[in-house]
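Notes to accompany the following structure.
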Amino acid sequence: MSEPHVPQIEIRGLTKVYQVPGGEVHALTNINLTIEKGDIYGIIGMSGAGKSTLIRCLNRLDSPTDGQILIDGENILAMSKPQLRATRRRMAMIFQQFNLLMQKSVARNVRYPLEIAGVPKKQANERVMELLKIVGLEDKANAFPAQLSGGQKQRVAIARALASDPETLLCDEATSALDPMTTQSILALLQKINQELGITVVLITHEMAVIRQICNKVAILDGGNLAEQGTVDEVFMHTKSAAGRRLFGILPEQEEIPQQPAIRIVFDGESAEQPVISKLVKELGLDVNILSADMKQLNHKVYGQMMITRPDDPQDVKRVMQYLKELGLTVEEVHA
């Protein structure tokens, strides 16, 4: 009889309340998430949504007010200090500002965790060069952080994080200080690490482009609450929350609904280039105006979403909805 499956990270009823003068702030409220081994799991939300609080609770840099965090089935909130130290070594963290030791060379920065762990110098040096090769910086071993670009500094930070052979990489806005091209290269590196080393990646970000480029799962936080979660494809195709619609570009950052009743169509790359609307107009004999349209790259597939005017006659609305559904499109009415 096989053993029951245990998720790599399971968050149950996680709540964090900060006491402030005159009251309290609910940074997180009853968060429930499951992260499987091998996921690249994106946690996204606008500023103040609770993302950084969540990731700090994951490795106990911050202590939750209530709830459980299970790592391979063990509750880290109930661990002794030695157990917690051992667990933290399995969960390396990468920060927005790199946090490098400026007076030490690149090699010494990467070797630092190995020195703390008491790894013999020869073995540690060999490991450092392996890690620098993984991140593409083997020629920068003797350079100092001040001589590096932002992207190179983040690569050093990633190499240092890998030194302890972690099972999970926690990334707190790891690309938000970088330009778009450098961001893409760092995300590609994280994807390579995930695929080749089997390391689970948890990404905190406020940028949907980051989620679209490499994540397979996503959770949307909004004001400390979990707005929605699922595979990136599912959440994009069936966005339920206002926060999700804003982040995916279906709504602007300011809450907004079309000024008139509309029909929203979501379609994948297979149908994205088909003349869906012109065929609809021709075959149903209805005038339909396009209110907005957008195309996005998502997990290396092209997705589109479009808003069209809703016919006045309810029977015509049914005909349009049925016609589009028969084409395999995801369709919903959006009310003003």
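Count along the sequence shown from 1, then add 1; that gives the number in our numbering.
All C-beta atoms, glycine included, are put in the ideal place defined by N, C-alpha and C.
Remember, predicted model here, so these are calculated numbers, not experimental data.
Assuming residue i contacts residue j (C-beta within less than 8 Å), just tell me the rounded distance between them.
i: residue 309; j: residue 335; result: The pair is not a contact, with the Cβ atoms about 10 Å apart (cut-off 8 Å).
i: residue 245; j: residue 229; result: 5 Å
i: residue 225; j: residue 24; result: No, residue 225 and residue 24 are not in contact; Cβ-Cβ is about 15 Å, not under 8 Å.
i: residue 115; j: residue 65; result: Between residue 65 and residue 115 the Cβ distance is about 31 Å, and since that is not below 8 Å, they are no contact.
i: residue 106; j: residue 142; result: 7 Å
i: residue 54; j: residue 93; result: Incorrect: roughly 19 Å between the Cβ atoms, too far for contact.
i: residue 10; j: residue 72; result: 6 Å
Mark residue i as exposed unless 16 or more other C-beta atoms lie within 10 angstroms of its C-beta, in which case mark it buried.
i: residue 180; result: exposed
i: residue 108; result: buried
i: residue 168; result: buried
i: residue 117; result: exposed
i: residue 19; result: exposed
i: residue 277; result: buried
i: residue 22; result: exposed
i: residue 41; result: buried
i: residue 316; result: exposed
i: residue 227; result: buried
i: residue 218; result: buried
i: residue 166; result: exposed
i: residue 203; result: buried
i: residue 26; result: exposed
i: residue 146; result: buried
i: residue 326; result: exposed
Alpha carbon to alpha carbon, how far is residue i from residue j?
i: residue 252; j: residue 8; result: Any reading at residue 252 must be qualified, since the residue scores a pLDDT of 46, below 50, and its modelled position is unreliable; the value itself is stated next. Their Cα atoms are separated by approximately 33 Å.
i: residue 318; j: residue 237; result: 23 Å
i: residue 77; j: residue 97; result: 25 Å
i: residue 100; j: residue 161; result: 11 Å
i: residue 286; j: residue 239; result: 28 Å
i: residue 163; j: residue 69; result: 26 Å
i: residue 233; j: residue 125; result: 39 Å
i: residue 49; j: residue 12; result: 20 Å
i: residue 292; j: residue 307; result: 8 Å
i: residue 63; j: residue 195; result: 26 Å
i: residue 88; j: residue 81; result: 10 Å
i: residue 178; j: residue 313; result: 48 Å
i: residue 220; j: residue 321; result: 32 Å
i: residue 323; j: residue 37; result: 37 Å
i: residue 91; j: residue 103; result: 25 Å
i: residue 113; j: residue 95; result: 15 Å
i: residue 261; j: residue 45; result: 30 Å
i: residue 198; j: residue 190; result: 11 Å
i: residue 280; j: residue 241; result: 28 Å
i: residue 129; j: residue 56; result: 27 Å
i: residue 243; j: residue 111; result: 42 Å
i: residue 333; j: residue 282; result: 18 Å
i: residue 43; j: residue 59; result: 14 Å
i: residue 34; j: residue 249; result: 20 Å
i: residue 17; j: residue 212; result: 25 Å
i: residue 83; j: residue 231; result: 34 Å
Can you tell which of the options has the C-alpha that lies nearest to the C-alpha of residue i?
i: residue 216; options: 111, 39, 159 and 241; result: 39
i: residue 153; options: 66, 167, 192 and 133; result: 133
i: residue 330; options: 188, 202, 184 and 266; result: 266
i: residue 247; options: 203, 95, 47 and 283; result: 47
i: residue 214; options: 222, 193 and 199; result: 193
i: residue 294; options: 263, 203, 85 and 30; result: 263
i: residue 86; options: 67, 61 and 144; result: 61
i: residue 30; options: 283, 223 and 326; result: 223
i: residue 200; options: 67, 170 and 187; result: 170
i: residue 6; options: 17, 56 and 74; result: 74
Checklist entry - How do the region 195-212 and the region 159-174 stand: do at least 3 beta-carbon pairs fall below 8 Å, yes or no? => result The region 195-212, when compared against the region 159-174, does touch it at the 8 Å Cβ threshold.
Next on the checklist: Taking contact to mean 3 or more Cβ pairs, one atom from each stretch, closer than 8 Å, check whether the region 138-152 and the region 179-195 are in contact.
Outcome noted: Touching, yes, given that three or more Cβ pairs across the two stretches are closer than 8 Å.
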